[in-house]
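Undergrad: Per full-length UniProt numbering, the first sequence starts with residue 1, numbered consecutively. Backbone N, C-alpha and C fix where the C-beta goes; we use that ideal spot for every residue, glycine too. Have a look at this one before I ask anything.
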Amino acid sequence: MEYNHKEVEQKWRQFWEENQTFKTEIDTSKPKYYVLDMFPYPSGAGLHVGHPLGYIASDIIARYKRLKGFNVLHPMGFDSFGLPAEQYAIQTGQHPAITTEENITTYIRQLKQIGFSYDWSREVRTSDSKYYKWTQWIFMQLFNHYYDKDANKALKITDLVEKFATSGNKSVNAVCDEDTPVFTSEEWNAMSEFDQQSMLLKYRLTYPDESVVNWCPGLGTVLANDEVKDGVSERGGFPVEQKKMKQWAMRITAYADRLIDGLNEVDWSDALKEQQRNWIGRSTGASVRFEVLTPNPQPLTPQNIEVFTTRVDTIYGVSFMVIAPEHEYVPFLTTPEQKEAVDEYVKWVASRSELDRMSEVKKVSGVFTGSYVVNPFNDEKVPIFLADYVLAGYGTGAVMGVPSGDQRDWNFATHFKLPIVPILDAQKDIEKEADNTKEGKYINSGIINGMEYKEATKTLTTYLEEKGIGKGKIQYRLRNAVFSRQRYWGEPVPVYFKDGLPYLIEESELPLDLPVIDKYLPTETGEPPLGRAEGWAYHPSHNGEGQGVRYPYELSTMPGWAGSSWYWYRYMDAQNEAEFASQDAINYWKAVDLYIGGSEHATGHLLYSRFWNKFLKDLGLVPEEEFAKKLINQGMIQGRSNFVYRVKSSVGAGKNPVFVSYNLKDQYETTDIHVDVNIVNNDILDVNAFKNWREDFANAEFILEDGKYVCGVEVEKMSKSKYNVVNPDILVDKVGADTLRLYEMFLGPLEQAKPWNTNGIDGSFRFIKKVWRLFYDDQSNFKVKDEAPTPAELKVLHTAIKKVEEDLERYSFNTVVSTLMICVNDLGSLKCSKKAILQELVILMSPYTPHIAEELWTLLGNEAGTISYASFPKFNPSYLVEANFEYPISINGKVRANISFPTDAVPADIEAGVLANEVVLKWLDGKAPKKVIVVPKRIVNVVM
RNA sequence: GCCCGGAUGGCGGAAUUGGUAGACGCGCUGGUCUCAAACACCAGUGUCUUCACUGGCAUGCCGGUUCGACUCCGGCUCCGGGUACCA
1 MEYNHKEVEQ KWRQFWEENQ TFKTEIDTSK PKYYVLDMFP YPSGAGLHVG
51 HPLGYIASDI IARYKRLKGF NVLHPMGFDS FGLPAEQYAI QTGQHPAITT
101 EENITTYIRQ LKQIGFSYDW SREVRTSDSK YYKWTQWIFM QLFNHYYDKD
151 ANKALKITDL VEKFATSGNK SVNAVCDEDT PVFTSEEWNA MSEFDQQSML
201 LKYRLTYPDE SVVNWCPGLG TVLANDEVKD GVSERGGFPV EQKKMKQWAM
251 RITAYADRLI DGLNEVDWSD ALKEQQRNWI GRSTGASVRF EVLTPNPQPL
301 TPQNIEVFTT RVDTIYGVSF MVIAPEHEYV PFLTTPEQKE AVDEYVKWVA
351 SRSELDRMSE VKKVSGVFTG SYVVNPFNDE KVPIFLADYV LAGYGTGAVM
401 GVPSGDQRDW NFATHFKLPI VPILDAQKDI EKEADNTKEG KYINSGIING
451 MEYKEATKTL TTYLEEKGIG KGKIQYRLRN AVFSRQRYWG EPVPVYFKDG
501 LPYLIEESEL PLDLPVIDKY LPTETGEPPL GRAEGWAYHP SHNGEGQGVR
551 YPYELSTMPG WAGSSWYWYR YMDAQNEAEF ASQDAINYWK AVDLYIGGSE
601 HATGHLLYSR FWNKFLKDLG LVPEEEFAKK LINQGMIQGR SNFVYRVKSS
651 VGAGKNPVFV SYNLKDQYET TDIHVDVNIV NNDILDVNAF KNWREDFANA
701 EFILEDGKYV CGVEVEKMSK SKYNVVNPDI LVDKVGADTL RLYEMFLGPL
751 EQAKPWNTNG IDGSFRFIKK VWRLFYDDQS NFKVKDEAPT PAELKVLHTA
801 IKKVEEDLER YSFNTVVSTL MICVNDLGSL KCSKKAILQE LVILMSPYTP
851 HIAEELWTLL GNEAGTISYA SFPKFNPSYL VEANFEYPIS INGKVRANIS
901 FPTDAVPADI EAGVLANEVV LKWLDGKAPK KVIVVPKRIV NVVM
């Protein structure tokens, strides 16, 4: 009886569903383990073979941990708000909820087919109002809190109001807007409601903020930088303009230090942690104010320019200052003589894309403004330049130029013939290039002459603070996160406006449901789509205000990352209507033990989620500072395209198209045509399927090699238009889910990017069939025996048990597959069909190939469905003990012989045995060896 | 430019702490079975040399440390990913 994967897999999927095999409850008698996949956006295209890669790995761990006695939480859900459904709605008028529902149905069908052990009763969808009620609720908490630097946590805004009323804000050490004024309690108490509320917005963790955005009127939305190409939208090619807009922002910068420090306590890859550290970009330095000297001061001309530097010790080496060409001071610093040159330069810079500015770093460009600043330390006049390497958006948009210590400044100074002043006696060759050393003693440096780096920095910072011209400062690259989208298909913001100021609706009024609208486009006046919703206004019901009073709601919706920034808690208690999750559930499951997903989320999702998690912890709602203890980024699966080659002369009316095989194509003039990889096997084209594939190829003729049509190959992105998308449904049908799971893991290390190549899947399929043949002979007789296993059989089994366990513990999924293959091959060679051995083997396999494992488990006489909660086989080292070890004998590092010695032989005996060996004697050629190295149970090296 | 990763047979990859480079699988070659094919099974398969034995060469390139290097160190090349020139 051949193994029938279709029947068996179907049977067990149904069993799991009907018996709710993987339904999970809180169970304090077992240790818990939480395995989470980054949940998908359900796109219309369905799953391709790249998507399940991480899901298979996490499912294997989930199943493995169950066997190890853990109570495993392994859920799946959908990040179901997003642009594609809305784009589709704009085109067709179909409500995004309908499209989304359909797509989710497809995803669930495809996921279930691969045999994942998800607890589907915990499924969540971010676009479900039962879910986004809590996203809105968290937003409200953020609005109601501020960050207190002394407590180093978020505190209630009502506490802040109390402090303001009693002692003003001078003693308050809180994160707030840069322009927050200092006020006394009297001043606070005298403020109007409007002024007080405006002041509080400077402290709230979420607040409306003016920010410059890529506004695309054609699409009626704001675009990310990478959605803009050459000044037009990537999608549709509409013009994009820079526009200031009131947007909600999240004060993530309040958590900058904790976001950096927390990285030390999580087991994430160094590459990923480094990326987050760089993104947050904490740098310690000093801010220094330089007084402006301009020949033509105007009322708006700034008196000072402030710079931030991480090397304040180099301040005596400053020979120029650079401000960003976009800087608001530029018009006031430009002298009439320089105006023409400056205007021209500013215009030129504006015309250059970021890419241009980036790739041309070696070419120095800039222009003198005509004005100067004064170096506060040596009173020297320092010219102010504009240069495109300084960005207006970062820090103060101004940089001090120290050519002897910074290569970019050195290039600039050399180009404009500015002085290059040495400042440290250890600087070398500064006439040739900059030397950024911190070694040596300072020279040409006024009050720090003769000092070393540490002392100099301290001295200068103290001086700055005493004179009131600067201070020590920690600066971050991280900016507060914009939290608005001019879109329909997202969470409504639970805010209404009274006198232009935002107020929260009552918690009891949540969820604020997404209203029905007629069209999914911005309004004629440029308002977001919610502006179309009739009656989209707040009716106060709580404070006794007059009937019929209405306040307009916020019209923008939340961004895609809102719903995904806390979802792992919802899985813990997905149906709870009273809380986002019960404290019982949260304190049991605590945090994610293993999180698997793509590295493209490094600075988006993973940073925002950490931020929200820390905030929820400050509120005492969750116990852990970090939400994901261990994280693995799975590598991207690239597409592998196949090509056919159409002979150019065969194209035209009345002609049959002729295709030439890959290795003969150089003899013809051909056109490369992508061919559907699903009708190609091991790069050999199925010519009949090809004729049926496209109508215009129905009469195709072929020039074959060795009777076959060989296709060309290229690695590209997996995409529909390249016909290289491999759908898991087809493979599940052909070879089964178990084979697919096995093969995806067998491809290589999980973290590594690799092209999908269906060639080779046969090997995994053969493995499944080989396992089956350990149970059934050629005549379909069940051949499992109850005999006692031999030492050889036990050795094979326990070698596998050891390796499978070790490899799973280090997430080496691919090598486990080899181990299982070796084990099955060896048992086959031993003709082993003993129950005691096979029973353990089946458990070992079950995380990878759960369907066939279930079937074999019951064939061995076990109760159906119990394998998922069986015990992982216990490794017994005594079965692996060997009497002898075969030593490789190398001579000068090259292996020349193998000699067997007893395992417990002492090095001296081994050495004597080796030197008596004839192969060794031949190589020694009568000479005495210089040295013999014996590494017990490893190797012997004879040095001559 | 900067940051991070990577490079091993025809292909995917293995080698966990410096100790027999190429496990396992694909593909290919030959054989058994079959009318034939498919399936399955057996044998071989880095490369050069050789009838064979054997030997030389080989983990992107150059150099170093070591009895011994895919593994460690220094320098480079190429490929992939990220990116906000972050002072």
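Could you tell me the alpha carbon to alpha carbon distance between Gln575 and Glu193, rounded to whole angstroms?
TA: For Gln575 and Glu193, the distance between alpha carbons rounds to 40 angstroms.
Undergrad: Could you pull out every unbroken beta strand (DSSP E) segment of at least 3 residues lying fully inside the stretch 882–909, listed in chain order?
TA: Counting whole runs of 3 or more residues, the stretch 882–909 contains the beta strand (DSSP E) stretches 884–891, 894–902.
Undergrad: Would you check if there are 3 or more beta carbon pairs closer than 8 angstroms linking the stretch 285–301 to the stretch 326–339?
TA: The stretch 285–301, when compared against the stretch 326–339, does touch it at the 8 angstroms Cβ threshold.
Undergrad: Of all the options Glu306, Glu2, Leu631, Tyr316, which has the alpha carbon lying nearest to the alpha carbon of Thr396?
TA: Measuring from the Cα of Thr396, the nearest candidate turns out to be Glu306.
Undergrad: Assign Val516 to one of two classes, buried (16 or more other C-beta atoms within 10 Å of its C-beta) or exposed (fewer than that).
TA: Its Cβ having fewer than 16 others within 10 Å, Val516 is exposed.
Undergrad: Taking the CB atoms as reference points, tell me whether residue 971 and Arg125 lie closer together than 7 angstroms.
TA: A query on residue 971 cannot be resolved here, the shown segment of the chain reaching from 1 to 944 and no further.
Undergrad: Here's the rule: buried if 16 or more other CB atoms are within 10 angstroms of the residue's CB, otherwise exposed. What is Asn71?
TA: Its Cβ being crowded by 16 or more others within 10 Å, Asn71 is buried.
Undergrad: Is Lys246 helix, strand or coil by DSSP?
TA: Lys246 falls in the strand class under three-state DSSP.
Undergrad: Taking His702 as the reference, give the member of Val687, His539, Trp693 with the closest Cα.
TA: In the sequence under discussion, the amino acid at residue 702 is Phe, which differs from the His named in the question. Of the listed residues, the one whose Cα sits closest to Phe702 is Val687.
Undergrad: What are the complete alpha helix (DSSP H) segments, minimum 4 residues, inside the stretch 602–651?
TA: List check, alpha helix (DSSP H) in window: 605–618.
Undergrad: Let me know the secondary structure DSSP gives Gln667 once reduced to three states.
TA: DSSP places Gln667 in helix when its eight states are reduced to three.
Undergrad: Using the C-alpha atoms, what's the distance from Ala792 back to Val914?
TA: Taking the straight line joining both Cα atoms gives about 29 angstroms.
Undergrad: Near Phe765, what residues of its chain come up, given a Cβ to Cβ distance below 6 angstroms and the 5 sequence neighbours on each side ignored?
TA: Once the five neighbours on either side are set aside, the close Cβ partners of Phe765 are Val735, Thr739.
Undergrad: Would you kindly report the start and end of the unbroken alpha helix (DSSP H) that includes Lys471?
TA: Looking at the DSSP string, Lys471 is not in any alpha helix (DSSP H); the run it does join, the beta strand (DSSP E), is 470–475.
Undergrad: Just to confirm before moving on: does the CB-CB distance between Tyr879 and Leu794 stay below 7 angstroms?
TA: Yes; because the gap between Cβ atoms is below 7 angstroms, this pair is in contact.
Undergrad: Residues bridged to Phe368 by DSSP?
TA: In DSSP, Phe368 forms a bridge with Phe385.
Undergrad: Taking its Cβ as the centre, do 16 or more other Cβ atoms sit within 10 Å of Arg550, making it buried, or is it exposed?
TA: Classification for Arg550: exposed.
Undergrad: Short of 7 angstroms in beta carbon distance, which residues of its chain neighbour Ser121, apart from the five on each side in sequence? Order them along the chain.
TA: The answer, listed in chain order, is Lys23.
Undergrad: How about Asp672 and Tyr723: do their beta carbons lie closer than 7 angstroms?
TA: Not a contact, by the Cβ cut-off of 7 angstroms.
Undergrad: Can you tell me the Cα-Cα spacing of Pro657 and Lys665, whole angstroms?
TA: Their Cα atoms are separated by approximately 14 angstroms.
Undergrad: When we look at the beta-carbon of Ser484 and count the other beta-carbons within 10 Å, is it buried (16 or more) or exposed?
TA: Answer is buried; the Cβ neighbour count reaches 16.
Undergrad: Indicate the three-state DSSP secondary structure (helix, strand or coil) for Phe782 in the structure shown.
TA: Phe782 falls in the strand class under three-state DSSP.
Undergrad: Under a Cβ-count criterion, where at least 16 other Cβ atoms within 10 Å of its own Cβ denotes burial, should Asp696 be classed as buried or exposed?
TA: It is exposed - the Cβ of Asp696 has fewer than 16 other Cβ atoms within 10 Å.
Undergrad: Do Ile315 and Phe416 have their C-beta atoms within less than 7 angstroms of each other?
TA: For Ile315 and Phe416, no; Cβs fall outside 7 angstroms.
Undergrad: CB-CB under 6 angstroms to Ala585, same chain, minus the five flanking residues each way: which ones, in chain order?
TA: Answer for Ala585: Met572, Asp573, listed in chain order.
Undergrad: If you compare alpha carbons, which of Leu742, Val824, Ile867, Leu808 is closest to Arg773?
TA: Nearest option by C-alpha distance: Val824.
Undergrad: When you compare each of Lys454, Pro623, Pro403, Gly446 to Lys432 by their alpha carbons, which one comes out closest?
TA: The residue with the shortest Cα to Cα distance from Lys432 is Pro403.
Undergrad: For Asn699, which of Glu187, Gly531, Phe690 has the nearest alpha-carbon?
TA: Ranking Glu187, Gly531, Phe690 by Cα distance to Asn699 puts Phe690 first.
Undergrad: Would the stretch 241–261 count as touching the stretch 196–212 if we require 3 or more Cβ pairs under 8 angstroms?
TA: Enough Cβ pairs lie closer than 8 angstroms, so yes.
Undergrad: Of the choices Leu259, Ile443, Leu200, whose alpha-carbon is the least far from that of Gly604?
TA: The option with the nearest alpha carbon to Gly604 is Leu259.
Undergrad: When DSSP builds the beta bridges, which residues end up paired with Arg289?
TA: Paired residues: Glu306.
Undergrad: Alpha helix (DSSP H) containing Glu162: first to last residue?
TA: Element bounds for Glu162: 157–167.
Undergrad: Taking the Cβ atom as the reference point for each residue, do Leu594 and Lys630 lie within a distance shorter than 7 angstroms?
TA: The answer is yes: Cβ separation under 7 angstroms.
Undergrad: Buried or exposed: Trp268, going by 16 or more other Cβ atoms within 10 Å of its Cβ?
TA: Buried, by the Cβ-count rule.
Undergrad: DSSP three-state call for Ala912: helix, strand or coil?
TA: Helix at Ala912.
Undergrad: For Lys754, list the residues DSSP reports as bridge partners.
TA: Ile637.
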